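Residue numbers (this note's numbering): 20 to 246.
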Ligand code: ADP
Ligand code: ADP
């Protein structure tokens, strides 16, 4: 479980990005942070893997204040997917994914087998494994990004607008794929989007933020839609 306990983030220029946020992200489900641009979604997400630390309050991962854990150790258990997959441009697709297990000490052969299995799992045509990122479409690159985030088998997955840059039809299939994958893997997922339809489709719980970094509402999708 991830707990935000009265978390405030004030940037050096005085901007309050997140204001006294308290909520719990249950283990094994998808919690979506939704709201307009600038409401503090990315800032909130990045306080979980310590790309940003809170100004006040605490973020706890299974009861442990994340700021007491050094970032590399913390991030071993937290996959991270962003809008532009951010693949290594000079490495083949398979090696983009295999790099992570290799860093964890797996031998190259085993890491590549693991990568191929993951690429298949995220629905990528594995015939693309020996291509380079620029030879793939945006949607295909995002699938690789998800595979890479899963490579170390982290219990937690942070996803920051991962499907926003692809066209609506591909986006829908990526969303379906994520739900299918999650039904097998039961990760603890925090998913950031500005798209309420996406939030309702993917989230077990949806946290609605408003500009100024306030939590306006926290509900399951059915309750949210009924309001
Ligand atoms: P969202 O992800 O919802 O678009 P962000 O978390 O990126 O929101 O930003 C929340 C607020 O904090 C916005 O007003 C943004 O301009 C501001 N902000 C984000 N990063 C910084 C920064 N490094 N310095 C100052 N202000 C920032
Ligand atoms: P995203 O598309 O991921 O929400 P943003 O456009 O919010 O990204 O921010 C891009 C980068 O600029 C981030 O590193 C963020 O911290 C920084 N940033 C965003 N808003 C501000 C701001 N008002 N002042 C300074 N840096 C900012």
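Ideal placement from N, C-alpha and C gives every residue a C-beta, glycine not left out.
These numbers were taken from a predicted model, which means no experiment stands behind them.
- Taking the Cβ of residue 22 as the reference point, every heavy atom of ligand 1 lies at 7 Å or farther away.
- For the pair residue 77 and residue 171, the CB atoms are not nearer than the 8 Å cut-off.
- Per DSSP, the unbroken beta strand (DSSP E) holding residue 35 starts and ends at 35-44.
- Between ligand 1 and the CB of residue 36, the shortest heavy atom gap is smaller than 7 Å.
- For residue 182, no pairing in a beta bridge is given by DSSP.
- At a cut-off of 7 Å, the beta-carbon of residue 56 counts as near ligand 1: some heavy atom of the ligand is closer than that.
- Counting only runs that start and end inside the segment 140-197, the beta strand (DSSP E) elements of at least 3 residues fall at 175-179.
- The beta-carbon distance between residue 211 and residue 64, rounded to whole angstroms, is 5 Å. This is short enough to meet the 8 Å contact definition.
- Taking the CA atoms as reference points, residue 100 sits about 12 Å from residue 68.
- For residue 211, the beta-bridge partners assigned by DSSP are 52, 179.
- With a cutoff of 8 Å on beta-carbon distance, residue 102 and residue 179 are scored as near each other.
- Every alpha helix (DSSP H) of 4 residues or more that sits fully in the segment 51-139 is shown, in chain order, as 60-65, 90-95, 112-122.
- In the same chain as residue 118, and ignoring 5 residues on each side of it, no C-beta atom comes closer than 6 Å to its own.
- In this structure, ligand 1 has a non-hydrogen atom nearer than 7 Å to the beta-carbon of residue 30.
- Between the segment 74-93 and the segment 145-159, the count of Cβ pairs shorter than 8 Å is below three; the stretches do not touch.
- Checking the 7 Å criterion, the Cβ of residue 212 is out of range of every heavy atom belonging to ligand 1.
- Under DSSP, residue 236 forms a beta bridge with 227.
- Of all alpha-carbon atoms in 49, 121, 23, 238, the one lying nearest the alpha-carbon of residue 37 is that of 23.
- Around the beta-carbon of residue 146, fewer than 16 other beta-carbon atoms lie within 10 Å, marking it exposed.
- In chain order, 21, 67, 80, 96, 97, 98, 206, 207, 208, 209 place their CB closer than 8 Å to the CB of residue 175, counting only its own chain and leaving out the 5 sequence neighbours on each side.
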